[in-house]
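Student: Before I ask anything, here is the structure I am working with.
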Amino acid sequence: MWDSVLINARLATMVPGRLPYGAIEAGALGIAGDRIAWIGPLDDLTARPGALARRIYDLEGRWVTPGLVDCHTHLVYGGDRAGEFEQRLGGASYAEIARSGGGILSTVTATRAADEEALLAASLPRLQALMAEGVTAVEIKSGYGLEPEQEIKQLRVARRLGETQPVTVHKSFLGAHAVPPEYRDGAQGGADAYLDSMIALLPRLVEEQLVDSVDAFCESIAFDARQVTRLFEAATALGLPVRLHADQLSDGGGAALAARFKALSAEHLEYASRAGIRAMAEAGTVAVLLPGAFYTLKDETAPPIAAFREAGVELAVATDCNPGSSPVSSLLSVLNMACILFGLTPEEALAGATRVAARALGLGDSHGTLEVGKAADLVVWDIERPAELAYRLGFNPLVQAFKDGRAVDAAPKRGLRSAGAGAA
Ligand code: DI6
Ligand code: FE
Numbered sequence: 001m002w003d004s005v006l007i008n009a010r011l012a013t014m015v016p017g018r019l020p021y022g023a024i025e026a027g028a029l030g031i032a033g034d035r036i037a038w039i040g041p042l043d044d045l046t047a048r049p050g051a052l053a054r055r056i057y058d059l060e061g062r063w064v065t066p067g068l069v070d071c072h073t074h075l076v077y078g079g080d081r082a083g084e085f086e087q088r089l090g091g092a093s094y095a096e097i098a099r100s101g102g103g104i105l106s107t108v109t110a111t112r113a114a115d116e117e118a119l120l121a122a123s124l125p126r127l128q129a130l131m132a133e134g135v136t137a138v139e140i141k142s143g144y145g146l147e148p149e150q151e152i153k154q155l156r157v158a159r160r161l162g163e164t165q166p167v168t169v170h171k172s173f174l175g176a177h178a179v180p181p182e183y184r185d186g187a188q189g190g191a192d193a194y195l196d197s198m199i200a201l202l203p204r205l206v207e208e209q210l211v212d213s214v215d216a217f218c219e220s221i222a223f224d225a226r227q228v229t230r231l232f233e234a235a236t237a238l239g240l241p242v243r244l245h246a247d248q249l250s251d252g253g254g255a256a257l258a259a260r261f262k263a264l265s266a267e268h269l270e271y272a273s274r275a276g277i278r279a280m281a282e283a284g285t286v287a288v289l290l291p292g293a294f295y296t297l298k299d300e301t302a303p304p305i306a307a308f309r310e311a312g313v314e315l316a317v318a319t320d321c322n323p324g325s326s327p328v329s330s331l332l333s334v335l336n337m338a339c340i341l342f343g344l345t346p347e348e349a350l351a352g353a354t355r356v357a358a359r360a361l362g363l364g365d366s367h368g369t370l371e372v373g374k375a376a377d378l379v380v381w382d383i384e385r386p387a388e389l390a391y392r393l394g395f396n397p398l399v400q401a402f403k404d405g406r407a408v409d410a411a412p413k414r415g416l417r418s419a420g421a422g423a424a
């Protein structure tokens, strides 16, 4: 006996094959425990639905997709950077602001100042905004602590979000995000000494189960290829997978470097070289596209999508939710941007936020498609065709999400409470 069965469903399984979206029209899907137990045409069910499952959901032709996966976020942080937004509109560039001590470092100050509870409270609404649009798995990076205990605080908050919310959280350690003020201009041994302190932290993160992968920002304003190599060698020795912010603002050979370490993913990639793309294809490294950052920074060089397609590199899309370069908490909006700004098809964009994004988190065998044996993470949408998910901006057609087979409650509404009755 299954726990639930969805009937009269149109299923965008996202399994690659002959049919767009791997679609099954007039379909049914059985859920047992936290897994998909059965999927296929309704007519192929071996008994009537009531004899197969305790609960029946008649979807009346609505579409079902896999739960969305946001495979690149920095959503745990303190403060905001709206002031910097105004500076940039006034003509300052992202790199200029970073060099003058603003940018990432201003978020580091605010994140350090927040205790664990405050950081959790600040981050939860961003996660809930993603979940309200059907996100059932999310990657969250550290990188705004830049000091051992502070990085641990961020990763603890990420873990607590996953423990308290119906969402899978993949924790990436991004200690190599920026050189903190204490080590700037060669102080205390400079960037390399700072990196040593982050490398020394890795065994403890493993022991305390605070890390699922190791990330770095490889860029002229952050860490160079030699430094990233040192970090990745240490991560690999501990059996940790790696991923890399690569070639976002310039070609720093990041794509090839990521591939050399068989990285799960390389991200941004606006300036990735041909050789880097070939290396990624050979290594099976996913390209994570972040059109929210491209949009916010008003970049003009789009990632080389045609070259990725030609080489057979799979494309994921993600929000990059962060307070500076991508203050975006809507994965559906990012699907739209991926189509408009980068020329993805709506099907590529949806695959990029389901099947391919799951692969980027090392969850390709258990998440990202509707298949028997995979996690029953799915979303029911009030749409006529899957392309609608990428078509609109600012409209959410979600009817119901399921996480591990259970219906997810919508995010709690916020509102005002009056302080009491006024004078009569
Ligand atoms: N690339 C990004 O897009 C974010 N970090 C990174 O390495 C930006 C982070 C920020 O501006 O706060
Ligand atoms: Fe990022």
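Residue 164 in our numbering sits at position 164 of the sequence shown, and the numbers go up by one each step.
Glycine residues also receive a C-beta, built at the ideal position from the N, C-alpha and C atoms.
All of these numbers come straight from a predicted model, not from anything done at the bench.
#1: Report the three-state DSSP secondary structure of N336 (helix, strand or coil).
#2: In whole angstroms, give me the CA-to-CA distance for F85 and N322.
#3: Go through its chain and collect everything with a Cβ distance to A311's Cβ below 7 Å, but skip five positions before and after it.
#4: Using the C-alpha atoms, what's the distance from Y94 back to L297?
#5: Are K153 and G145 touching if we call contact CB-CB under 8 Å?
#6: Figure out for me which residue from G394, G364, A302 and E300 has the closest Cα to the Cα of N336.
#7: Indicate whether the contact test is met: 3 or more Cβ pairs, each with one atom in the segment 107-120 and one in the segment 68-79, closer than 8 Å.
#8: For E116, collect the residues of the same chain with a Cβ closer than 7 Å to its Cβ; drop the 5 residues on either side in sequence, then sort them by chain order.
#9: If you drop the 5 nearest sequence neighbours on each side, which residues of the same chain put their C-beta closer than 7 Å to that of E348?
#10: In the DSSP assignment, the beta strand (DSSP E) including L398 goes from what residue to what residue?
#11: What are the partner residues of K171, as DSSP defines its beta bridges?
#12: Okay, do the segment 327-346 and the segment 386-400 touch, 3+ Cβ pairs below 8 Å being the bar?
#13: I'd like to know whether the C-beta atoms of A23 and I31 end up nearer to each other than 8 Å.
#14: I'd like the ranges of any beta strand (DSSP E) spanning at least 3 consecutive residues and lying wholly in the segment 176-246.
#15: Once the 5 residues before and after D43 are set aside, which same chain residues still bring their CB inside 8 Å of it?
#16: Between D299, L68 and L127, which has its C-alpha nearest D377's C-alpha?
#17: Going by alpha carbons, who is nearest to M1 out of L52, A28, T136 and P20?
#18: Would you kindly report the start and end of the unbroken alpha helix (DSSP H) that includes L124?
#19: Could you tell me which residues DSSP puts in a beta bridge with T65?
Tutor: Taking the definition as stated:
#1: helix
#2: Straight-line Cα distance between these residues: approximately 13 Å.
#3: I277, R278 and A281
#4: 7 Å
#5: yes
#6: G394
#7: yes
#8: K153, R156 and V157
#9: L315
#10: L398 to K403
#11: I140
#12: Put simply, the segment 327-346 touches the segment 386-400. At least three CB pairs are less than 8 Å apart.
#13: Cβ distance not < 8 Å, so A23 and I31 don't count as in contact.
#14: Counting only runs of 3 or more, we get 213-218 and 243-246.
#15: A26
#16: Nearest to D377 by C-alpha distance, out of D299, L68 and L127, is L68.
#17: L52
#18: E116 to A132
#19: V379
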